[in-house]
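Visitor: I have a structure I would like to understand better, so I am pasting it below and will then ask my questions one at a time.
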Amino acid sequence: HIFAGCIGYSGTLSAIAVQVVTDFIYVFVGSALAGLMFGCFSALLFKHLHLGEYTQEHGPHLELAIFLIFCYAPYLMAESVDLSGTVAILFTGTSMKRYTFSNLS
Numbered sequence: 003h004i005f006a007g008c009i010g011y012s013g014t015l016s017a018i019a020v021q022v023v024t025d026f027i028y029v030f031v032g033s034a035l036a037g038l039m040f041g042c043f044s045a046l047l048f049k050h051l052h053l054g055e056y057t058q059e060h061g062p063h064l065e066l067a068i069f070l071i072f073c074y075a076p077y078l079m080a081e082s083v084d085l086s087g088t089v090a091i092l093f094t095g096t097s098m099k100r101y102t103f104s105n106l107s
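So the mapping is simple: this note's numbering equals the position in the sequence shown, first residue as 1, plus 2.
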């Protein structure tokens, strides 16, 4: 998406370079913040809801289902607003490993 925006751009080479760098920083920082937001929210959710304790039969399945949703949701959200879903998942996984993993049953 970043380089596709440069096609047909009639500015100077330095203006194009500045635009590419600015777009890259915007996409990277936005994707990282989205991923961190999802990771920290999942940590809070698993810490305070205790999903594994609801029932013996459905608790672990419910916890796993919500955990998997939190792994895929940042990708969908980032791609829908023209950010990088891959970077969002990277930061979500890193923050979930650090904060959410200790809150799982």
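Every residue, glycine too, gets a C-beta built ideally from N, C-alpha and C.
Going by DSSP, what residue range makes up the alpha helix (DSSP H) through ASP25?
Guide: Judged by DSSP secondary structure, ASP25 falls within the alpha helix (DSSP H) whose first and last residues are 15–51.
Visitor: If distances are taken between C-alpha atoms only, which option among GLU65, LYS49, PHE26 and THR94 comes closest to LEU78?
Guide: Of the candidates GLU65, LYS49, PHE26 and THR94, the one whose C-alpha sits nearest the C-alpha of LEU78 is THR94.
Visitor: Would you mind sorting GLY37 into buried or exposed? The rule is 16 or more other CB atoms within 10 Å of its CB.
Guide: buried
Visitor: Can you have a look at SER107 and say buried or exposed, based on whether 16 or more other CB atoms are within 10 angstroms of its CB?
Guide: exposed
Visitor: I'd like to check one pair, LEU92 with VAL29: are the Cβ atoms closer than 9 Å?
Guide: no
Visitor: Let me know the alpha helix (DSSP H) ranges lying completely inside the stretch 75–105, each 4 residues or longer, listed in chain order.
Guide: 87–97
Visitor: When the Cα atoms are used, what is the spatial distance from ILE18 to GLY32?
Guide: 21 Å
Visitor: Could you tell me whether the Cβ atoms of GLY61 and LEU70 are closer together than 9 Å?
Guide: 9 Å or more divides the Cβ of GLY61 from the Cβ of LEU70.
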